[in-house]
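Q: Let me begin by handing over the structure; questions about it come next.
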Amino acid sequence: MQALFIWILAYILGSIPVGILVAEWFKSGDPRNLGSGNIGATNLARTAGKKAGLITLGGDCLKGFSAIILARLFGAGDGVTALAGLAAFMGHLYPLFLGFKGGKGVATALGIFLALAPGATLLGALLFAAITAITRFVSLGSIVAAITMPLFICQTGASWKIVYISLLMSGFIVYKHKDNIMRLCLNKENRLF
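Take my numbering: the last position of the sequence shown gets the number 224, and nothing is skipped along the way.
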């Protein structure tokens, strides 16, 4: 019963539409109707400014991180904790407050893995930064980092439950970037600034 309570709370945390709230604060308009139509940090940076993008990134990251901390405060084991992370992640992708139409989950996953596997997350973040800096495609950096995170997590000797959750999240992130992948293939993807 406690595990179910943790997962529901984590999902609700993940459902908080940080990008929408930040856009309202900056009075920049609904990001779902601007730019790429996404509620994430990259679209907020393009449509409301870099500061708005950074705040969105931090807020989305905090949702995932908080879900893990919440589970640990309740004394949950690796399985329940990893599933709390997944619940927050799914809350971001399919938020209760936005008709189940959310973001791509990269920043929320970052927060989850910062709490679960900080060493692996550092490697993933460095890879993301390098690819994004070289290509100026945030989507490409996100996709490559998502695909490699399970490998990095395996190398840290983390519980198989955390590795399994990272595989699921990686698959969802790649799926949510399907339009970006198509644009990358057609050389029509927008570069970062």
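Idealized CB from N, CA, C, for every residue including glycine.
Taking the continuous alpha helix (DSSP H) assigned at Pro149, which residues delimit it?
A: As a first step, residue 149 must be located in the sequence shown, where it is residue number 118. Note, Pro149: alpha helix (DSSP H), 149-166.
Q: I need the boundaries of the alpha helix (DSSP H) containing Asn74, first residue and last residue.
A: Within the sequence shown, numbered from 1, the residue matching residue 74 stands at position 43. Asn74 -> alpha helix (DSSP H) spans 72-79.
Q: Let me check understanding here. Comparing Cα to Cα, which of Gly122, Ile174, Glu220, Leu215 lies closest to Tyr206?
A: Against the sequence shown, residue 206 aligns to sequence position 175. Answer by Cα proximity: Ile174.
Q: If you count every other CB in all the chains shown that lies within 10 Å of the CB of Lys94, and 16 or more means buried, which is it?
A: Working through the sequence shown from its first residue, we reach residue 94 at position 63. The residue is buried, with at least 16 neighbouring Cβ atoms inside 10 Å.
Q: Could you please give the first and the last residue of the uninterrupted alpha helix (DSSP H) stretch that includes Lys207?
A: Numbered from 1 along the sequence shown, position 176 holds the residue referred to as residue 207. Its alpha helix (DSSP H) spans residues 191-207.
Q: Taking the alpha carbon of Thr166 as the point to measure from, which residue in Leu223, Ala148, Ile212 has its own alpha carbon closest?
A: Residue mapping note: residue 166 aligns to position 135 of the sequence shown, counting from 1. Among Leu223, Ala148, Ile212, the Cα nearest to that of Thr166 is on Leu223.
Q: For Gly60, count neighbouring C-beta atoms within 10 Å of its own C-beta (all shown protein chains included) and say buried if the count is 16 or more, exposed if not.
A: Counting from 1 along the sequence shown, the entry for residue 60 is found at position 29. It is exposed - the Cβ of Gly60 has fewer than 16 other Cβ atoms within 10 Å.
Q: Fully enclosed by the stretch 57-118, which beta strand (DSSP E) runs are 3 residues long or longer?
A: Correct list: empty.
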